[in-house]
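Chains as they are written, first to last, in the numbering used here: chain P, 1 to 581; chain B, 1001 to 1581.
Heads up: the structure comes next, in C-alpha cells.
Below you can see the structure in the form of C-alpha cells.
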C-alpha cells in the first residue's frame, strides 16, 4: 500500500498523479473497511478524498491549519497524518476516533463533533496568527449541511470582514444528512447551475472572494485551485461540488442511508448488527402518525437528522405539510416550535440530547418564558460509550433548571406514550420528554400529568427509599431487590417529573426512611439528585446521589462507566449498608 | 393629544396625513418622556415611529401578527395599542414594561427581550397559520444589529423557503448597539448605496422577494410600500433605511450613546442619576489597557454591547487591532475566543450573564472540551430587578456544570483583579470570572489560583459555617455578625471556585460544625449550594441553601426579591436558630 509509505503529509508532495489516484483508492478502501467493521461516517468521507489529498499536497500542515467541521470528513486526513492503521488494522481501529482530536495528533487542531463550528474556530486561529505576526494559512472545510447552523452563519459574517488570509472550503454535495432545507441551498443550487457565475451570490454579498469547482472529485482540479489560492491574502470561499459517497455504489445511490452507517457487509451494504425488536423510533412514529390522521394541527419538526429517529423519506412524506425539517438549525427549531404552539398548532420537535445543547437560550427565552405548549422529545439522553462530543448526560441540567419547563422522565413504553399523549393534549406548559432507552414496561402510566411534580410510589417499604428516574427505573428495581437480600424492604419511587419535587411525598418519606437514594441516567452536577439532597439538607434523612461524574468521557464503554460511577446494584447496596451502620 | 383618542390601532386608519404626523410627534414625545424619567431604549424607538404607524395603519392587528425583535422598538406599538399612559402618566409608567408581553396586551405575541428571535418566531406563526388554513399576515420587524445573531440567520434561511406569506422588515439604521460588524453589513451598505438595486443581495440569494425604502422615516412612503406588500403571498424582505434617534438631536448626533439611556435631562441630555464612584467597567478597562501595553497577545472581545462595559469608542481604539467586536454573535465570540487561545493569544470576552445563555454549546464543545485558556468575564451576574428577559440568575447553573471549566467568584475588587491576572497567566483552563457587583475589598486575594477548588476560611468559628459565594460574601459577613448576636461564632468561608468543591475543607468542617449555610447570588436550581447539600448528603451536617427561586421574576425590586428568597441576615439567622433547636 502507498499509504504505508506516507509517514507525514509532506510525503504525498512527491507522488505522481497516478500515484495520487492510487492513494485516493486506498483511502476509500480504508474508509469502507473501518465503517463496515465498526460503523461511522461513510458518504461524507468518501466524497472529500480528493479535496483532502489536495489540501495536504498544496499546504504544509501542521504549520498551515485545517479545521474540519463536525469532523465528519476527517478520515482521509487521519490516514494521511500517520493514522492509516486505524482504518486497516483491526487491532488499531478502536484507538483512533472518528473525529479530530489534538491529543491524537498535532495535525488536528480541535476536538470537534458538533456541526457548524469550523468557520468561527478558523477565524479565531487566523486572528491570533495576525496579532502574533505569523503567516500560516488557515482553512475551514465545511459541508453544505453544516452551513445552516447559526454558529456557522455568525462565523461567515465575521470571517468575511477579517481583512486577512482565511480560506473557507464549502463542500457542496447537495445533501445535509438528509436532503438540505433552507434558503442557503437555494443559492448553492443557483451557483452550481451557473458554474459559480451567478451575480446573486451570498458569499460575495458578505464580502468574500469566491471560486467554484464543478467537480471536486477531480484530483488535478482540486490541486490546481488550491495552488492558485495558496497565497491569496483575502477572505475567500472555495465552493466545491462533490459526490457524497463517491466510489461506493450503494452510498452514491442512497446518500441519506449512507451518511452514517452501523457496521455493514461491504458487498451487500446490509447492516450486520441485529436491529430487530421494538424501538422508540417506531413507537414514536406510529403514535404520531395515528394522531396526525386525526389532528391536522399536529406538526413534526426535526433539525437535519430525521433518520436518527427512523423518519425515512417515506415516513416524512406521510405527514405531508405537517412535517418540517429545518436543516441543522436547532435554535430556529425551538423558536419555531414555540411560535407554532402559540399559533394553535401542536408541534413535536425531535432532537438528540447532545444537539439540544445548542438551544439553551431558545428553550429559556423563546419557549419557557412564553409558556407555549410545544413538545420536545429528547432522544439518546443517558450515559453512553460514545465520543466525548456526543454524550447524552447534560440534558437534565440543561433543561430542568429552566423555570416553567416541564421535563418528564418516562420509565418505559407505556408511560412514554401516556406522557406524550398528555403533552399534546394540555396547553399550559412547554413539555419536554426524555425518551427512554430500553423498551420496558416501566412504571404505571396514567392519563393526566397536569398535577405537576407528583412522584409515584411503585413499591412501599421502609428504611430506604429509591428514587429511580426515567431509564434508570429498572436499575432502581434491581437495587431494591438487592437490598431485599440484605433484609431491607426498600420503597421504590418513579419520580416522573425532572423539573420539580413532590415536597409532600418527600416530607412523608422522612418519617419512615433513614436513607433516600437517587438514580439518574445523566450528569449529577446540576441534575435531579442534588435537588433531593438540598431538600433534605436540614433534616436527618441521609441522601445518596447516583449518576455520571462531571467529565467528558470519551468512548468509555457503558459497563466501565457504570463501575466508575458506582451504578451497579451491588455497589449501591454496599453504600447503603455503610450509611446505615 | 391625538394619542388619547386612539383606543385601538384601527382608530388611526381614519387619520389624515397631517394628523399622522402629529401622532408621530406625540409618540416621540412619549418615548423621550418615559426614557428621561426611568431610562430605556431611546434611539431604536425614535427611528421606527413612522414604520409602526404605517404597520397599524395598513394591517389589522391583532388579527395580523407583528413580532418585534428584542422589542427595542416596541414603544410606538405600545402607545398605539392602548398603552400610551405608560409613556406620559408618571403613575402608569412602571406598569408598562419596555418589552412586548402578551400578558400586557393581546397585540403583543411574545415576551421578547433577547435579540435575533423575531424571524424564527414569525416563521412559526406563519407555518401554524398555513396548517390551520388561516390567512392573516405575519410580520417580523428586525433591526440591523439583531440580524447578525445565529438564530436570526437560521430563521432567515428557513423563512425564505416557507413558500407562503411572511414579511420581514429589516430596519437598517446603520447601527447595531454600537457600530455594526460583519459581512452582513457590507451587503446592507451596498444595497443602500444602490437604492436596493445591487444584484448581489443576500436576501435575494436566500430566495426572498426584496424591496427597499430609502427613507423609512417618511410616513407616506412607508404606508405606500406596506399597502403594496399587503397581499403578497411570498416570503418578502422589506429593507428600510431609517435614522436612529430621529427627532431628538443628541440621539441623532451620537447614536451609540443614545441606544439606551439611564434617566436624563431632556434639554441637556445629561444623565440625572449619580454615576460617580468606582465601578468594574473602569477597573476592568484600566487593568486590561495596562496589560495590553505589555502583551501584544492580549485580545479583547465583545459581542455588540461594548458600551455596557464602558468600552467607549476611544477605549476600543486604544486596543488597536487587539479589540474585536463581533456584533451580536455570542456563539461566534466563544468559538473565536477558544481558537484564539489555541493560536497563542490571550482572549478576554466580556459578556452579560443573560446573553451568555446563547452560548451553552460553544462553551461546552468549542471551549471546555478543548480546554483552551480563554478568559470570559461575566457582568451583571446576580439577582436583579430587571425584566424577566434580562435576569442574571442563570449563569452559575449554565457554566458551572460544564466539565473542565473553571468558574471563579471574586468577592471584591482586589480578588477580581488577582483572579483576572491569574486567568491570563495560566494556560491550562478556560477561566470564567463572575465580575462582582459592588466595589468592596472582599476576601483576601492571592497570586495563584492554579490549585483548583480551594475554599478560603476568612473567619474561623464553630457550630455554623457560612459559605458566601462571590458578590454574596458581604451578605455572608453580615449573617456571621447576626449569628454572633445570638452567641454563635460562625466560620465564614469564601469559596472562590464555583466549579468544584474543596472536599478536604468540607470534610474537616463536618467535625466542628452542625450547620453549613450556602449563599449564592443566583438561581439555586442547578447551582452551587445544591452541590454542598449533596456533598453532606450522607453525613449529619445540616445544610441550608440561599439564592434565587426557580422563576422568571419580572421587574421585582431587589429588596422585595431578597425578602421573598429569605436573603436578609435576620431571616437566615432565624432559620439557623430553628435548625439548631
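Note that beta-carbon positions come from the ideal geometry of N, C-alpha and C, so glycine has one too.
Output the boundary residues of the beta strand (DSSP E) element that contains residue 64 of chain P.
No beta strand (DSSP E) holds residue 64 of chain P; DSSP gives it neither H nor E.
Quick one: which unbroken alpha helix (DSSP H) runs of 4-plus residues sit fully inside the segment 351-380 of chain P? Chain order, please.
353-356
Cβ-based contacts, 8 Å cut-off: residues of the segment 547-558 of chain P near chain B:
550, 551, 552
Could you tell me the boundaries of the alpha helix (DSSP H) in which residue 1056 of chain B lies?
1049-1058 is the extent of the alpha helix (DSSP H) around residue 1056 of chain B.
With a threshold of 8 Å between beta carbons, is residue 1360 of chain B in contact with chain P?
yes
Using the rule of at least 16 other Cβ atoms within 10 Å of the residue's Cβ for burial, across every protein chain shown, is residue 450 of chain P buried or exposed?
Under this definition residue 450 of chain P is an exposed residue.
Using only CA atoms, which one of B:1471, B:1486, B:1407 lies nearest to residue 1454 of chain B?
B:1407
Name the chain A residues that come within less than 7 Å of residue 1109 of chain B, Cβ to Cβ?
Although the question refers to chain A, the structure presented lacks it and instead comprises the protein chains P and B.
Reference residue 498 of chain P, options P:529, P:489, P:504, P:517, closest by Cα:
Measuring from the Cα of residue 498 of chain P, the nearest candidate turns out to be P:529.
Nearest-angstrom Cα separation, counted from residue 1062 of chain B out to residue 1554 of chain B
24 Å
Beta carbon of residue 1391 of chain B nearer than 8 Å to that of residue 1350 of chain B:
Cβ atoms of residue 1391 of chain B and residue 1350 of chain B: not closer than 8 Å.
CA nearest to the CA of residue 10 of chain P, picked from P:1, P:472, P:79, P:286
P:79
What are the boundary residues of the alpha helix (DSSP H) that residue 1223 of chain B is part of?
1219-1229
Looking at residue 1172 of chain B and residue 1582 of chain B, is the spacing between their C-beta atoms short of 8 Å?
Missing from the structure shown is residue 1582 of chain B; chain B here goes from 1001 to 1581 and no further.
Where are the beta strand (DSSP E) runs, 3 residues long or more, that stay fully inside the segment 146-211 of chain P, in chain order?
166-172
According to DSSP, is residue 422 of chain P part of a helix, a strand, or is it coil?
helix
Using CA atoms only, rank isn't needed, just tell me which of P:506, P:42, P:570 is closest to residue 257 of chain P.
P:42
Since residue 1006 of chain B contacts residue 1071 of chain B with CB under 8 Å, what's their CB separation in whole angstroms?
Not confirmed; about 20 Å, so no contact.
To the nearest angstrom, how far is it from the Cα of residue 485 of chain P to the Cα of residue 536 of chain P?
The straight-line gap from Cα to Cα measures roughly 27 Å.
Quick check on residue 94 of chain P: does DSSP put it in helix, strand or coil?
Coil at residue 94 of chain P, not helix or strand.
Pairwise C-alpha distance: residue 1151 of chain B and residue 1552 of chain B
Take the alpha-carbon of residue 1552 of chain B and the one of residue 1151 of chain B: they are about 22 Å apart.
According to DSSP, residue 463 of chain P sits in a beta bridge with which residue or residues?
P:513
If you reduce the DSSP assignment to three classes, tell me which class residue 301 of chain P lands in.
strand
Is the beta carbon of residue 1524 of chain B less than 8 Å from the beta carbon of residue 1547 of chain B?
yes
Taking contact to mean at least 3 C-beta pairs separated by less than 8 Å, is the segment 1416-1434 of chain B in contact with the segment 1276-1290 of chain B?
yes
C-alpha gap between residue 1187 of chain B and residue 385 of chain P, whole angstroms:
46 Å
Can you look up residue 264 of chain P in the DSSP assignment and give me helix, strand or coil?
strand
What residue range is occupied by the uninterrupted alpha helix (DSSP H) comprising residue 30 of chain P?
17-38
Under 8 Å by Cβ, that's how I've got residue 1441 of chain B and residue 1491 of chain B pegged, so tell me the actual separation to the nearest angstrom.
A Cβ-Cβ distance of about 20 Å is found for the pair residue 1441 of chain B and residue 1491 of chain B, leaving them out of contact under the 8 Å criterion.
Quick one: grab the DSSP three-state call for residue 1108 of chain B.
coil
Assign residue 1117 of chain B to one of two classes, buried (16 or more other C-beta atoms within 10 Å of its C-beta) or exposed (fewer than that).
That one is buried.
Relative to the C-alpha of residue 216 of chain P, which residue among P:199, P:557, P:238, P:375 is closest?
P:238
Is the beta carbon of residue 1297 of chain B sitting closer than 8 Å to the one on residue 1346 of chain B?
yes
Helix, strand or coil: how does DSSP classify residue 486 of chain P here?
coil
Is DSSP giving residue 243 of chain P helix, strand or coil here?
It is coil, neither helix nor strand.
Look at residue 164 of chain P and residue 1182 of chain B and say whether their C-beta atoms are less than 8 Å apart.
Against a cut-off of 8 Å, the Cβ pair of residue 1182 of chain B and residue 164 of chain P comes out as no contact.
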